[in-house]
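Residue numbers (the working numbering): 26 to 794. We treat Cβ as the ideally placed atom computed from N, Cα and C, and that holds for glycine. Model, not experiment: these values are computed from the prediction. First up is the structure itself, then whatever we jot down about it.
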């Protein structure tokens, strides 16, 4: 027997709870009979987990295996995961992994995947050798019927002779039993059946690659043609994961800025390690996708609340080290110039605000550099009169210098006029921000699936309870529309801020529907045949027509912070802070011109395996962002980060000078604390996104900065550090030099580091000061 077991988290449980059994596992690993596979903390959902979280899945998994078992994995092993983003090959390669195994694609409902052994190429060009077991099971038995199915089903026959069969009660971790091994001995070399050997996944891949080096190549996403409901089910679990990932980004960034790295006092190494492992655990492929029993999700939501409280405490402590005065912290990787909200006492009694909000807080325009802290006094700017927001007293019009938005008596948007480009966003005669309720009765797996026939029935939610003007400008305008439907109630607050091109909608829903799915629709006057959507460390364009069965099957897709539909010279992005399911459809206007319906999936009322899934209160934000030109230069990527990482207000002493007055930023206050804290590192090109700033995992005191090229082009890498580095080297995700990863020649000149990144390339820089 050679026993394969993935998920470093389970090994850690054994190490902590059953050390004597773990010692036995270690002995079996040493003699080759127990093989750690996968190299990840758990077998995570790879559609929904963020890019940096997938990096940490590998680094935490590989490090545990190396430290405690003396080896690393060479394959990602996720047989039961529900779809695979086109950035995953690069993530694997940079984690020291160049082989990939999954079985789930055999469950496709429309198209049979054409290969079982092939090279999979990601958006950056990275490739990994991939195998789908043709036995179509990860719980296989040594039954002649199953063995012959593997032979007959193997698409590579005639060119390759080897396939892998994961056997045992693998779904649930039971493993093989004596009866299975007795069956193996009988069928091992039996006339009429394929020859069978038990060997490690590593040995299988070595032999499979050696005999089939010219295997076919699949480029882009491995889209799974079922389980599309996992983009939406258990919305609070998904929102908790998104928030945890963002808070971890902030905690690491601000702690590095405040304390230095792990060699300096104050950096909460143990806390952040524990929190990361908890977040990674909850990305398991039946927790984060929303397909577990109710108990699991109630516990997950409570855990996310606990983690958020702890992370907020860590972040607040670090930011207090960086600011002696009332200050603003921008954790997003792009500069900001926007209207924010602060408490009245934070701006000082000698300042008359342009707008006091209904809750007593005040609105302020502020400019804050990327990933930096600035005092409120130095960040505040006056708002030009022409940029102000104006709201009709009846709540039917809200506008600023860029957008004019009109509502009808049902509270639906009848017009979004882009003043900069003199263009109407909505298709003629259509209404936007329209909530649509569909019956949702999948044939098989309730929480997992969203079957295409759901679209045949729809109820447009147009009955309105109330339309109110909450804020009338001039810095912030808000109109709230409340509706009741069936057993539920929703309030959509439409918000526009001075100088902003983004139209935000804050939704608060008390949801009590079973067997229904809720979407929000924007019928757009855009002529396109593709949808561009953000995935981890990049984006991907896919067709929205139905020319082929492959196109038609992609009727619900996963995206992270934004999707975009564009025609040459103009487009519209739909952003969100907690959602993943989207659909886009080619439609026709009343005068028979092409248009596009863009929708975001909000909630799903599955009954199995949790009969009360998603019942209760939900709050989230989505936003519409029209833009001229290309989505990249127009700032769609940056705006997605800004929506998800709002500016933080750091409380402090009341300012002694009026807000808005030009104040030269001081480097150090009289007490010795920084008043304006520059970014630990800043990118000199909008396409180069700083995704993580953290200490090196080896405790050396080195700094790790992870960046990626976000536009899909070749761009200069220009980074400026707060203090001059001594050395800067490119490493893999394990923070080690690696000859197998792409070379990025670097030059260091004082505090500046220069190089070049290729399309969607991820670069991990190890910095020594």
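Scanning the region 92-177 from its first residue to its last, the whole beta strand (DSSP E) runs of 3-plus residues come out as 100-102, 124-126, 142-146 and 152-156.
Per DSSP, residue 227 lies in no beta strand (DSSP E) segment; the continuous alpha helix (DSSP H) that holds it begins and ends at 226-236. Annotated three-state conformation of residue 38 is helix, per DSSP. Annotated three-state conformation of residue 383 is coil, per DSSP. Judged by DSSP secondary structure, residue 743 falls within the beta strand (DSSP E) whose first and last residues are 740-746.
Annotation: residue 156 to residue 39 spans about 30 Å, alpha carbon to alpha carbon. Under the DSSP assignment, residue 212 falls in the alpha helix (DSSP H) whose first and last residues are 203-212.
For residue 473, the closest of 256, 522, 395 and 739 by C-alpha to C-alpha distance is 256.
Cβ contact annotation for residue 234 (same chain, cutoff 6 Å, sequence separation greater than five): 154, in chain order. About 7 Å separates the beta carbon of residue 60 from that of residue 28, a gap short enough to meet the 8 Å contact definition.
Within the region 280-320, the runs of alpha helix (DSSP H) at least 4 residues long that lie entirely inside it are, in chain order, 294-306.
Around the beta carbon of residue 182, fewer than 16 other beta carbons lie within 10 angstroms, which makes this residue exposed. Closest option to residue 383, judged by alpha-carbon separation, among 391, 368 and 392: 368. Distance from the Cα of residue 768 is smallest, within the candidate group 299, 775, 752 and 786, for 786. Across the structure, residue 34 and residue 86 are spaced so that their CA atoms are roughly 8 Å apart. The shortest C-alpha to C-alpha distance from residue 386 to any of 355, 370 and 539 is the one to 370. Taking every protein chain shown into account, the CB of residue 113 has 16 or more other CB atoms within 10 angstroms, so this residue is buried.
DSSP places residue 43 in no beta strand (DSSP E); its state is neither H nor E.
Taking 8 Å as the cut-off, the beta carbon of residue 64 is found closer than this to the beta carbon of residue 97. Counting only runs of 4 or more residues that sit fully inside the region 340-406, the alpha helix (DSSP H) segments are 369-372 and 401-404, in chain order. By the Cβ test, the region 200-208 is not in contact with the region 98-111, since fewer than three Cβ pairs between them sit closer than 8 Å.
CA-to-CA, the gap between residue 389 and residue 481 works out to about 47 Å.
Inter-residue distance for residue 544 and residue 565 is about 22 Å (C-alpha atoms, whole angstroms). Exposed is the label assigned to residue 26, since fewer than 16 other Cβ atoms lie within 10 Å of its Cβ. Taking a 10 Å sphere around the C-beta of residue 41, we find fewer than 16 other C-beta atoms and assign the residue as exposed. Cβ-Cβ separation between residue 595 and residue 542: approximately 30 Å, too far for a contact (criterion under 8 Å). With respect to residue 527, residue 426 sits apart: the two C-beta atoms are not nearer than 8 Å. Counting every other CB atom within 10 Å of its CB across the protein chains shown gives residue 615 a total below 16, marking it as exposed. The beta-carbon separation of residue 562 and residue 120, rounded to 13 Å, does not stay under the 8 Å limit for a contact.
Inter-residue distance for residue 468 and residue 363 is about 47 Å (C-alpha atoms, whole angstroms). Each residue's CA atom was taken as its position, placing residue 345 and residue 675 some 7 Å apart. Residue 458 holds the alpha-carbon nearest to the alpha-carbon of residue 532 among 188, 466 and 458. Our two residues, residue 617 and residue 548, have alpha carbons roughly 14 Å apart in a direct line.
Bounds of any alpha helix (DSSP H) do not take in residue 488, whose DSSP letter is neither H nor E. In this structure, the beta-carbon distance from residue 336 to residue 272 falls below 8 Å. Under the three-state reduction of DSSP, residue 555 is assigned to strand.
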